[in-house]
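Protein chains in written order, with our numbering: chain V, 200 to 531; chain G, 200 to 531; chain F, 200 to 531; chain W, 200 to 531.
There are 4 protein chains.
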Amino acid sequence: MHELRVAVVGLGWFGERHARVYSQLPGARLAAVFDLDATRTKRVAAVTGAEPHADLPGLLSRPDIDAVSICLPDRLHLNAALAAVGAGKAILLEKPLAHDTTSARQIVEAVEARGTRLMVGHILRFDPRYVQVYEAASPEWLGEPIHIRAKRNGVRATAKRLGGASSILFYMGVHDIDAMQWIGRSPITRVYAQKRQALGTGNEDALYAIVNFANGAVGSLDLSWAWPAGLMNGYRASFEIVGTQSAAYLDCADQGFYTVGEEGTVGGDTHLWPEINGRIVGDLADEISHFVEATRTGKPYMQHHREAFAAIPVLDALKESAERGVPVEVRR
Amino acid sequence: MHELRVAVVGLGWFGERHARVYSQLPGARLAAVFDLDATRTKRVAAVTGAEPHADLPGLLSRPDIDAVSICLPDRLHLNAALAAVGAGKAILLEKPLAHDTTSARQIVEAVEARGTRLMVGHILRFDPRYVQVYEAASPEWLGEPIHIRAKRNGVRATAKRLGGASSILFYMGVHDIDAMQWIGRSPITRVYAQKRQALGTGNEDALYAIVNFANGAVGSLDLSWAWPAGLMNGYRASFEIVGTQSAAYLDCADQGFYTVGEEGTVGGDTHLWPEINGRIVGDLADEISHFVEATRTGKPYMQHHREAFAAIPVLDALKESAERGVPVEVRR
Amino acid sequence: MHELRVAVVGLGWFGERHARVYSQLPGARLAAVFDLDATRTKRVAAVTGAEPHADLPGLLSRPDIDAVSICLPDRLHLNAALAAVGAGKAILLEKPLAHDTTSARQIVEAVEARGTRLMVGHILRFDPRYVQVYEAASPEWLGEPIHIRAKRNGVRATAKRLGGASSILFYMGVHDIDAMQWIGRSPITRVYAQKRQALGTGNEDALYAIVNFANGAVGSLDLSWAWPAGLMNGYRASFEIVGTQSAAYLDCADQGFYTVGEEGTVGGDTHLWPEINGRIVGDLADEISHFVEATRTGKPYMQHHREAFAAIPVLDALKESAERGVPVEVRR
Amino acid sequence: MHELRVAVVGLGWFGERHARVYSQLPGARLAAVFDLDATRTKRVAAVTGAEPHADLPGLLSRPDIDAVSICLPDRLHLNAALAAVGAGKAILLEKPLAHDTTSARQIVEAVEARGTRLMVGHILRFDPRYVQVYEAASPEWLGEPIHIRAKRNGVRATAKRLGGASSILFYMGVHDIDAMQWIGRSPITRVYAQKRQALGTGNEDALYAIVNFANGAVGSLDLSWAWPAGLMNGYRASFEIVGTQSAAYLDCADQGFYTVGEEGTVGGDTHLWPEINGRIVGDLADEISHFVEATRTGKPYMQHHREAFAAIPVLDALKESAERGVPVEVRR
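See below:
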């Protein structure tokens, strides 16, 4: 098997990390990078040794490139993904798959029509906490799920930074809706949501929702990026599932590492993408490593793209419910 | 000031603890106890030195009794409270005030008509974690509340033990609805709830709700007594409030004390009613001590009975929403 | 039983809290206060309604005063305690009993010669975490103790504030040596200590020690007040005991209450002396309440003064070992 | 660069995991395995696809093998490592380097004489918590170290399983001594230790030590494998360093993942070697991946073998101190 030659498209916070992980992976070679901002393209190219590209079509036309990470803003996913499919590239698409169900459906249908490959960057599928909760929640051990709760809270600076480029549902909620359906082993059929916009970030501050699963379980979703900057570790995520026989939960509040200065006690990331010994390790590195190996060897991705797609109609229903103030059925 | 002479009516788990706390308090004398179960009455009387009574009217007719703790099942609160009011006794009424709004209203109106005193056993008003969150959530520091989350989860054994004698809303939820309106400094106006009954305990297993406050905040309520018996410490409660300026939260998961045997690591209670050095200390003891002192001295109770009443119409609305599957306005 | 009439001598951080607790306790009346600083005396007198005194002999000569809390700096304990004993007062002496074994012995011998009463303010005896570890560590459940670890760490500001008025061993270590001998149910016989003085506070920054118990257990003691000001909750204390059958531990790191602002996440005290609803509650209030009731009723104090005394020779041995750099036998 | 062809020698708990990680790594090919127990050899060979070998010399004589993981009991490290050096193989030697200073010195001198390569499996060098504490403890940020504490506690079943094959110092303590000298950036010069043997496992139950560093810092070491089987997560490790300017710490008690059954709440590993999605990830996988890449590319290992060696004389000194009961100077 030759090295997988990859390109990264979109070099924001996530894209730059994708590029750096590819450049450190033994089975991959980072061949090209592209961002709408040429300065950023040059900087990341210089750091990683990849070739900078000034336009996406030029990059995609290179026959030596096997695969591409797309890390663009949500609303640019559709066109970039269709172009990459058209060029026959394997795609690692940062979440969310797309900014609405219609766009998401277009992408997965194009992939299937063309026979190319697509993996969505659902990083929790590579987090030892979430995967172990998933494994513990097997029907044999858990019994039938009774209730499922998912929480993802961050700081208001993120909402301000993103402005209208994403939304609390598609930026954060997509993780939890995917996790709820995956770990709960059942699709969400009906949702009710209430949101709040008091901070003026151009985004929702918070969104609370209750969901119903096809298997009868009830779910609670707790999304916020209204927390002040001083929130320990910058985010709070947790998940719990209680079944008729037993239960499992995870809580990301304590990452095990702290610094103490005159000003306060501050935590750090030890799971998602910690940089240690000059390398990015943890969930994101494992996700990208899996993408590289599965693409090289032709093995299936950890999550089929249709399973990733299944989160998007739920997000659309949550959006509609939060706007209308009534429960909404999920249309797939 | 003479010692306050008190009686305890209802000697289940809570009533027995009330009796024991009174019997250890310097400003109080436990004069009488009564339970529908005469064996229980005799046992608690023997332990505490109180006089056992075989019927409630006889107990209430004693002119030497100043005050009474009512710790009966929810549905017996109305008659017992009206009788105690009629007898002119100050009342410490274990939560919930009553099992529905109509009954609760009858009790508070009787108290006001007769000019007697009533305190509801909202123990969180005496918990250093909840009170400090309340104090931190002052408008000056917190700004305007954006979102408020309350969680109270317990083990399924409790649901089985209570059977139809109480409900997840009136047994557990009353704590959190009182806390949300108190700490959020605003009444709840609209609710949506979904419940689940899979375990066959004769009670709900879990109830998730979203609520709206008059001040615009949104709230999430997470109630469950579906957890297996092995849940660390037997319960999980947490609360958080995020405002436009800052935020505060509490989490009761870690009580700081653990034992480790061959079978596992087990926690313990260090806040609610720990028994140390042969005495009950913590929140419940502080609550009862406050009731004694405020009754003796004629000072106001920490919480006015009308403020305690305000939780009940919200519980009724939650019950209705969970049954009908639609959002419901709170009628006061 | 009449109310216990008490005085507080020494109105620093602890003394002021003693005064406030007495003034809120039903069975006690705060009759007098005294501090070397007359301004402070007047302020606390005004707050609590006690009579301010300008000198200790005058205060102690009042026949209406039954008991006195002594909250002076360590080195003033001897003379003040002897004077209070001479005046026949019951004494609540803030820890440490005295600043060395000789002084401590003089005090307890004077108490015994005069037939008065003495309780030392070992607050951990009233902490639900420590008491429950003590109770769990019964020989029946724990078996024979194998190893015992105690930690008490604070911030450097405390060391700077105290300067030479106390020491890390007598200010902090006395808690843990008392706890180790109490919970381990055996006296410490031999010690080895190393200390560090790099911060120039006029005190040790840290002291690590290993101790041997008469029953064969080994112990580790970890004292520091070198932490930067930002240490969560301001202190870290933990304790663990592992026996031949089972084990128990406590950790005070998480108090369950947090505030989050722009600058960081900050914890708070929910056990030692939290002020809620305008009152001091928790361990210190329980300790002082016990002193009042036991003194009024003539019942024994939770800890006999000879058991409190037993910590002091260990502290002297630790001091000597840290200075000489060799193991030292404890002389009693 | 061709794939690195590796063999694993010793297929106990660690060796089997080494073999499985190699077999999943893109840059490596697991060519051979060997254990003294032929049944075990065959089983691991079958699982991983490696060729089973019946003797070590035969395995080492294969010219197609580039590198070897040695995962044998401590006392067999010397001969196996010398043989592998003699055969010119790069070595990943599971900790401890050897069971005493003399043996360890022989190994590193043989490596240097022959010009081969050696990496010791100090897994904490790949743990995001320890590495981030190391990075935070830079002189620029931390200032001068004042005190350093390291804890590693496990369950008594481990001690029973190992019997005399290892010791608490060489099995567990080597991690912490390496971490203390690495993060403290200074060698340990003097030690004092006390141990306990009450459980009859053929090993120490616990060992407490105090150490002095060349830079003046004092250290506390807390080792135990006396905990009952029910210890949450099976082990407790923590580390803290307080400097003249600031401080950092880590605590492995909370790994963020829990299951709850009727019997209790049980944690899990999310850092060391969690198996998720059918693969071993985390610290051990990162360590082995680094060994493969650095060996293939000729880059230096994260830790030079002389730095790994530096822990062994400290362990010997601790052993001597625990036996003699006096402080001992470290001889290098």
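Yeah, the Cβ is synthetic: ideal placement off N, Cα and C, and Gly gets one too.
For residue i, return the contacting residues in chain F, with the cut-off set at a CB-CB distance below 8 Å.
i: residue 525/W; result: 525, 526
i: residue 430/V; result: 459, 464
i: residue 442/G; result: Correct list: empty, because the minimum Cβ distance to chain F is about 10 Å.
I want to see whether chain V comes within less than 9 Å of residue i, judged by CB atoms only; does it?
i: residue 486/F; result: no
i: residue 445/W; result: yes
i: residue 453/W; result: yes
i: residue 308/G; result: no
i: residue 205/W; result: no
With a cut-off of 8 Å on the beta carbons, I'd call residue i and residue j a contact; round off their distance for me.
i: residue 383/F; j: residue 327/F; result: Their Cβ separation, rounded to whole angstroms, is 19 Å, which puts residue 383/F and residue 327/F out of contact at 8 Å.
i: residue 378/F; j: residue 329/F; result: 6 Å
i: residue 205/G; j: residue 227/G; result: 6 Å
i: residue 516/W; j: residue 319/W; result: Not confirmed; about 19 Å, so no contact.
i: residue 380/G; j: residue 521/G; result: Their Cβ separation, rounded to whole angstroms, is 19 Å, which puts residue 380/G and residue 521/G out of contact at 8 Å.
Is any beta-carbon of chain A found at less than 9 Å from that of residue i?
i: residue 393/F; result: No chain A appears in the structure shown, which is made up of the protein chains V, G, F and W.
Would a check of beta-carbon distances place residue i closer than 9 Å to chain F?
i: residue 411/W; result: yes
i: residue 331/G; result: yes
i: residue 490/G; result: no
i: residue 215/W; result: no
i: residue 470/G; result: yes
Using a Cβ-Cβ cut-off of 7 Å (strictly less than) and excluding sequence neighbours within five positions of residue i, which residues of its own chain qualify?
i: residue 425/W; result: 355, 398, 404, 405
i: residue 519/W; result: 527
i: residue 532/V; result: The requested residue 532/V is not part of the displayed model; chain V covers only 200 to 531.
i: residue 280/F; result: 269, 290, 292, 306
Strictly under 9 Å for the Cβ-Cβ distance: is residue i near chain G by that measure?
i: residue 402/F; result: no
i: residue 209/V; result: no
i: residue 226/F; result: yes
i: residue 285/F; result: no
i: residue 339/F; result: no
i: residue 433/F; result: no
Leaving out the 5 sequence neighbours to the left and right, which residues in its chain are closer than 6 Å to residue i when beta-carbon positions are compared?
i: residue 365/V; result: 273
i: residue 335/F; result: 447
i: residue 324/F; result: 501, 502
Given that residue i touches chain V, what residues does it touch there, using C-beta distances under 8 Å?
i: residue 346/G; result: 395, 404, 405, 407, 423, 425
For residue i, go through chain V and note every residue whose CB falls closer than 7 Å to its CB, in chain order.
i: residue 476/W; result: 330, 501
i: residue 354/G; result: The premise fails here: residue 354/G is roughly 10 Å from chain V at the closest Cβ pair, so nothing lies under 7 Å.
In chain W, which residues lie less than 9 Å from residue i when you measure between Cβ atoms?
i: residue 415/F; result: 395, 397
i: residue 462/F; result: What residue 462/F touches in chain W: nothing, since even the nearest Cβ is about 16 Å away.
Is the shortest distance between the beta-carbon of residue i and the beta-carbons of chain W less than 9 Å?
i: residue 377/V; result: no
i: residue 418/F; result: yes
i: residue 261/V; result: no
Going by DSSP, what residue range makes up the alpha helix (DSSP H) through residue i?
i: residue 439/V; result: From DSSP, residue 439/V is part of no alpha helix (DSSP H) but of the beta strand (DSSP E) over 434 to 442.
i: residue 327/F; result: 327 to 335
i: residue 488/G; result: 482 to 496
i: residue 530/F; result: It is not in any alpha helix (DSSP H) - residue 530/F carries neither H nor E in the DSSP assignment.
i: residue 340/F; result: 338 to 341
i: residue 469/V; result: Looking at the DSSP string, residue 469/V is not in any alpha helix (DSSP H), and its letter there is neither H nor E.
Assuming residue i is part of the beta strand (DSSP E), what are its boundary residues?
i: residue 380/F; result: It is not in any beta strand (DSSP E) - residue 380/F instead sits in the alpha helix (DSSP H) that spans 373 to 383.
i: residue 346/W; result: 344 to 354
Who are the neighbours of residue i on chain W, taking C-beta pairs under 7 Å?
i: residue 450/V; result: 455
Please compile the residues from chain G whose C-beta is within a distance smaller than 9 Å of the C-beta of residue i.
i: residue 343/V; result: 397
By Cβ distance below 8 Å, which residues in the same chain neighbour residue i in space, the five residues on each side in sequence not counted?
i: residue 233/V; result: 206, 207, 208, 209, 210, 240, 251, 252, 253, 254, 255, 258
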